[in-house]
Amino acid sequence: MDAQLNSLLKKIETTKSNLFQKDFLLTWEKTYGELETILAVAEALKYLRDNNISARCFDSGLAISQFRDNSTRTRFSFASAANLLGLAVQDLDEGKSQIAHGETVRETSAMISFLSDIIGIRDDMYLGAGNAYMREVGVALDEAFTDGVLPQRPGIVNLQCDIDHPTQSMADLLHLKTVLGSLENLKGKKIAMTWAYSPSYGKPLSVPQGIIGLMTRLGMHVDLAYPEGYGLIPEVVEIAGKQAKESGGSFRIVNSMNEAFDGAHIVYPKSWAPYHVMQRRTELLRKNDHEGLKVLEIECLGNNAKFKSWECTEDNMKLTNEGEALYMHCLPADISGVSCKEGEVNGPVFEKYRVPLYKQAGFKPYIIASMMLTNRFNNPAETLRKLFENKVKRVF
Amino acid sequence: MDAQLNSLLKKIETTKSNLFQKDFLLTWEKTYGELETILAVAEALKYLRDNNISARCFDSGLAISQFRDNSTRTRFSFASAANLLGLAVQDLDEGKSQIAHGETVRETSAMISFLSDIIGIRDDMYLGAGNAYMREVGVALDEAFTDGVLPQRPGIVNLQCDIDHPTQSMADLLHLKTVLGSLENLKGKKIAMTWAYSPSYGKPLSVPQGIIGLMTRLGMHVDLAYPEGYGLIPEVVEIAGKQAKESGGSFRIVNSMNEAFDGAHIVYPKSWAPYHVMQRRTELLRKNDHEGLKVLEIECLGNNAKFKSWECTEDNMKLTNEGEALYMHCLPADISGVSCKEGEVNGPVFEKYRVPLYKQAGFKPYIIASMMLTNRFNNPAETLRKLFENKVKRVF
Amino acid sequence: MDAQLNSLLKKIETTKSNLFQKDFLLTWEKTYGELETILAVAEALKYLRDNNISARCFDSGLAISQFRDNSTRTRFSFASAANLLGLAVQDLDEGKSQIAHGETVRETSAMISFLSDIIGIRDDMYLGAGNAYMREVGVALDEAFTDGVLPQRPGIVNLQCDIDHPTQSMADLLHLKTVLGSLENLKGKKIAMTWAYSPSYGKPLSVPQGIIGLMTRLGMHVDLAYPEGYGLIPEVVEIAGKQAKESGGSFRIVNSMNEAFDGAHIVYPKSWAPYHVMQRRTELLRKNDHEGLKVLEIECLGNNAKFKSWECTEDNMKLTNEGEALYMHCLPADISGVSCKEGEVNGPVFEKYRVPLYKQAGFKPYIIASMMLTNRFNNPAETLRKLFENKVKRVF
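Those protein sequences? They're chains A, B and C, same order as listed. For what it's worth, the working numbering labels the leading residue of the first sequence as 1, then goes sequentially. For what it's worth, the working numbering labels the leading residue of the second sequence as 1001, then goes sequentially. For what it's worth, the working numbering labels the leading residue of the third sequence as 2001, then goes sequentially.
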């Protein structure tokens, strides 16, 4: 067997983890070993794909997707992951369903799950609701399985909620691992997760929260930077602080992009709406208050506009470590002069890092497939080894 | 071979049936033996799935779905069934097609069928139209096959029409068979198919018609109950009467929920719109008469409201056999205090029967898969035996 | 091995072609041998399907479809082709994506392609834009592959653009080859590609352009007929003329349906909008000028109405070779008295040719599958031979 795959399988076998039949909802609910396992399984799946070896461990089966918000990257990553393992995607489109009839979450959850192996959910519009919805689905599935309604308990993968975006942050981490050579190499490195200006408002908090919630696990120095008033959910910030201490890194909040950039090895400038705005927006959305939403939008855009200087440029990139920090983004970015007049990053910086950014995004299908596989197979190393030994060609 | 599967396969082999290449449109067009075969094949498929044995009898192929009305349960059941057998689902979304251009049913039917094995259709909005549409598609497919346009003649599965809902009623029957141990045990049992109050109008007649059209085949005592004026399609009622006589059961119409519940072993309280209302609604829909539809809705809701007492409650359940009749519903139900203020069933009764109700729904994927398999394979027992003997694992 | 398949495989092996990893965008960019190869591979795939031999050369993989305009035939053909080869279809629905956020084509193209093998695109609404868009996607994919972003460079299949409709014209050609026995038999035959009246406006130019761009390759006498003012894109007309000369056929433009029909062996009467109208329409669409579009529509329908005599009827069919020319259409046709009051063809003529028309349409899935297969496999004859020798049954 190839040395690279062998070492990954050994890593998986020797790392304690308890991912089997556990939903993947928040990275900070997983042990460090479990996160390592997700990464290693993802890498092994990528190895199989790159070597034209089929990773189909399902002869048939369904992966349900439920997108309560638009998606390109995650939608295609989910479809790719399902297909890689042999599952067919069935989309739950609430507009074409009977859910509007007042059907309970408990019922819908059971009804879509009779022959389903995985359910992927994106629900990021309402603060306090997305993650809660996933847990409600999870409880319903537990119940239905216990009651003998379901022959299996499908696993849930969080495809972005109001709190975390774990398939994004884990893909980001795999990118960092690949660029730096190992997770160990991340120790002591500085990452700047900073707010950036965007001519839109209401962007979810899940990416910055996902990043500070994950990167503080790795002994990194994590700077969270935003203009005053643009804070994140307090509980997540607290968790980040605690984790930084435990991992031997640090975590602080600053109100200056430049301060965060200073000496950073990695920068992640990205717009988001302030926590308190998302709270107001959630209330207005719930009330269907279109007038109120318009007023809030104007107010917020006006407020955003005060911070147009929060743009990632060649100038502030010079402040970073050797002027060569790795620039990251979950994409699509608001690129000044390309997708908008003034935005999160200027054209030349984006263009300089475009290829690594695209590679970063390319890890997501494998991360999702890894979350699927570890949820369904108790001994992922064995499953992967069998796939390797069977040597069924993906392309004939 | 396992005794359970063996006995199912023997049953299938020794039961005379002629399901091969015949559409499944109305249960009363099928012989008793054919209905038994559908159930046994469904059970055998469930056995394979439960024992992690692949039921893929198609290496590739398409199952086309056409939903002219919303659907969650049936949509996912259809997708599950197709996937179980190895078919990929391709949805015919009329909004994204060229059908609006005035294309004939004959043409569309051929165009979507070149490499298709199964077509599932839901068309329940227009009285006199849904089933007729399916037959029009069927004739077009016959013609196209005879003319050498199609290399195969895809089978049609009725996923609910204006007359019958056979995947529902057959799943309901499989549920009853499972709960009571055998079809024979249904003989002499009383089932109450009764109207129930709902704060909505225009619900299709297909479920009550499907139930009286099927359960009268089994020697049961079938009571159809509704408030005066809420009758079903007369032809279906006539068929039910005839069948009850032939099967040694009985069929009567009563105008009291309590009378129907009295001594019943099974109750199926469910709202529907009166036949004559559906006729008027069909005309208005055809004319796109929004004003007329609004007027009709107000009139009907007002009329419905006179019958709020038609609710399944702990009180009237006491009237049933030992106060313990099996409560059934096609779901989603209008649950008083849960999905609406006042509805078809009160919260405690629904909750008491929630688990069996969900199990009832869980048979639908297998019923649909059985209809697909018996349509495409001349000797379903042999096909199932080969699948068993091949022992390809569904999950690696 | 069966003689028919063997002769097809020999044809493929001995014909020089360079289709591997080349997008299929315009037929006139392909050599004659390449067009022959596409036809022969399509026929071989049809042979396998007709003999219940699996043509799955992919164990897993994705075929992305992007329909920027409605489609039934091509959508189902694409899905059928993908499924035939073992690929799952994933639709890029721009409404459900983040593309509206100003994401670049370069980025979207990479994001949907990480695990994708084929991308099929329909983009025929904007003159000067559809084919250009496909090329922009192609350049982005090249770049992403070169940069190591993508593990493979997915192939692009043009599912209709503003210039050509190659899956249509190639299916049409396979139909002609089948009806006449060989491509050689097309030499010296006359085909009339003529405009016909339709009570709608704004129909794309891609079909007539595709037909004159392909049929002039075969030594045919191609008459393009339209009322004055209904010209096609000048560059395509020029190419047709050049090709006719090279192939030993002829090409001319006439302003009379009868003149084109005179002695024709094949007639293709079909409506389209004049080139200059499509240019104005494109500008108005771009400006979202609904008022201007309405004015243009009224003007065009009025202009169309002057040419109601451009209808294919039993009378003008008598002018064709022995009064028995093969009538062709890409479907759906505007049939007088069936799908509209007055249209492209009258009822009796359409009905007489309905079966061959449907057969014509039935070649499209195989043509698309052939374009997919030749794009992904360097030695298609070897791939097809292995599929034949493996003899995996498509239906168990």
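Glycine included, every Cβ here is placed at the ideal spot set by N, Cα and C.
request  = Leaving out five residues on either side along the sequence, give the residues of the same chain with a beta carbon under 8 Å from the beta carbon of residue 297(A).
outcome  = Close CB contacts of residue 297(A) within its chain, under the 8 Å cut and outside five residues either way in sequence, are with 201 and 202 (chain order).
When 396(A), 118(A) and 88(A) are compared against residue 137(A), the one with the closest alpha-carbon = Among 396(A), 118(A) and 88(A), the Cα nearest to that of residue 137(A) is on 118(A).
query = Should residue 1108(B) be flagged as near chain C, meaning a C-beta pair shorter than 8 Å?
reply = With 8 Å as the cut-off, residue 1108(B) counts as an interface residue toward chain C.
ask   = Excluding the five sequence neighbours on either side, which residues of its own chain have a C-beta within less than 8 Å of the C-beta of residue 1154(B), listed in chain order?
value = 1064, 1113, 1116, 1117, 1118, 1119 and 1141
query = Helix, strand or coil: which one does DSSP assign to residue 93(A)?
reply = DSSP, read as helix, strand or coil, puts residue 93(A) in coil.
Contact check, residue 1025(B) vs residue 1134(B), beta carbons under 8 Å = A contact, by the Cβ cut-off of 8 Å.
query = Which residues in chain A sit within 8 Å of residue 1084(B), going by Cβ to Cβ distance?
reply = 60 and 115
message = Helix, strand or coil for residue 50(A)? Go by DSSP, reduced to three states.
response = If DSSP states are grouped into helix, strand and coil, residue 50(A) belongs with the helices.
ask   = Considering residue 1347(B), what are the terminal residues of the alpha helix (DSSP H) in which it resides?
value = 1347–1362
query = How about the stretch 2084–2097 of chain C and the stretch 2124–2134 of chain C: do they share at least three Cβ pairs that are nearer than 8 Å?
reply = no
message = Do residue 271(A) and residue 351(A) count as a contact pair if the criterion is CB distance below 8 Å?
response = At least 8 Å separates the beta-carbon of residue 351(A) from that of residue 271(A).
Nearest candidate by alpha-carbon position, reference residue 1196(B), set 1304(B), 1010(B), 1016(B) and 1057(B) = 1304(B)
Residue 1331(B): contacting residues in chain A (beta-carbon distance under 9 Å) = Ordered by position in chain A, the residues that pass the 9 Å Cβ test against residue 1331(B) are 98, 103, 107 and 111.
ask   = Around the Cβ of residue 1166(B), are there at least 16 other Cβ atoms within 10 angstroms (buried) or fewer (exposed)?
value = buried
request  = Report the neighbours of residue 971(B) on chain A: residues whose CB is nearer than 8 Å to its CB, in chain order.
outcome  = Chain B is shown from 1001 up to 1396; residue 971(B) falls before or after that span and cannot be answered.
key: Neighbour-count burial assignment, residue 1076(B), 16 or more Cβ in a 10 Å radius   = The Cβ neighbour count for residue 1076(B), taken over all protein chains shown within 10 Å, is at least 16; the residue is labelled buried.
Residue 249(A) burial status per 10 Å Cβ neighbour count (16 or more: buried) = It counts as buried.
ask   = Do residue 2122(C) and residue 2058(C) come within 8 Å of each other at the CB atom, strictly closer than that value?
value = no
query = Do the stretch 1206–1215 of chain B and the stretch 1285–1299 of chain B touch if we need at least three Cβ pairs shorter than 8 Å?
reply = no
query = residue 1258(B) bridges to which residues according to DSSP?
reply = Beta-bridge pairing links residue 1258(B) to no other residue.
message = Please classify residue 276(A) as buried or exposed, where buried requires at least 16 neighbouring CB atoms within 10 angstroms.
response = exposed
query = Going along chain B in order, which residues have a C-beta closer than 7 Å to the C-beta of residue 90(A)?
reply = 1076 and 1079
ask   = Taking Cβ to Cβ, would you say residue 87(A) is nearer than 8 Å to residue 48(A)?
value = no
query = In three-state terms, what does DSSP make of residue 1340(B)?
reply = strand
request  = Note down, in chain order, every chain B residue with its Cβ under 7 Å from the Cβ of residue 2015(C).
outcome  = By Cβ distance, chain B contributes nothing, its closest Cβ being about 26 Å from residue 2015(C), past 7 Å.
message = Closer than 9 Å between beta carbons: that is the criterion. Which residues of the stretch 1369–1387 of chain B meet it against chain C?
response = 1376, 1377, 1383, 1386 and 1387
task = List the residues of chain C whose Cβ lies closer than 7 Å to the Cβ of residue 1147(B), in chain order.
result = 2355
key: Alpha-carbon spacing of residue 124(A) relative to residue 158(A), whole angstroms   = 10 Å
task = Going by DSSP, name the residue or residues bridged to residue 1407(B).
result = Residue 1407(B) is absent from the model: chain B starts at 1001 and stops at 1396.
query = How long is the line joining the alpha carbons of residue 2300(C) and residue 2152(C), rounded to whole angstroms?
reply = Cα to Cα, the separation comes out at about 46 Å.
ask   = Just how far apart, CA to CA, sit residue 1172(B) and residue 1039(B)?
value = Whole-angstrom Cα-Cα distance: 11 Å.
request  = For chain B, find out if any of its Cβ atoms is closer than 8 Å to the Cβ of residue 2396(C); answer yes or no.
outcome  = By this cut-off, residue 2396(C) is an interface position.
query = Nearest CA to the CA of residue 1060(B): which residue from 2044(C), 2083(C) and 2069(C)?
reply = 2083(C)
task = Please name the residue in 1274(B), 1148(B) and 1226(B) whose C-alpha comes closest to that of residue 2050(C).
result = 1148(B)
ask   = With 8 Å set as the bound, which would you pick, yes or no: does the beta-carbon of residue 144(A) sit closer than that to a beta-carbon of chain B?
value = yes
task = Write down the C-beta distance between residue 375(A) and residue 10(A) rounded to the nearest angstrom, noting that I regard them as a contact closer than 8 Å.
result = Not really, about 22 Å apart at Cβ, beyond 8 Å.
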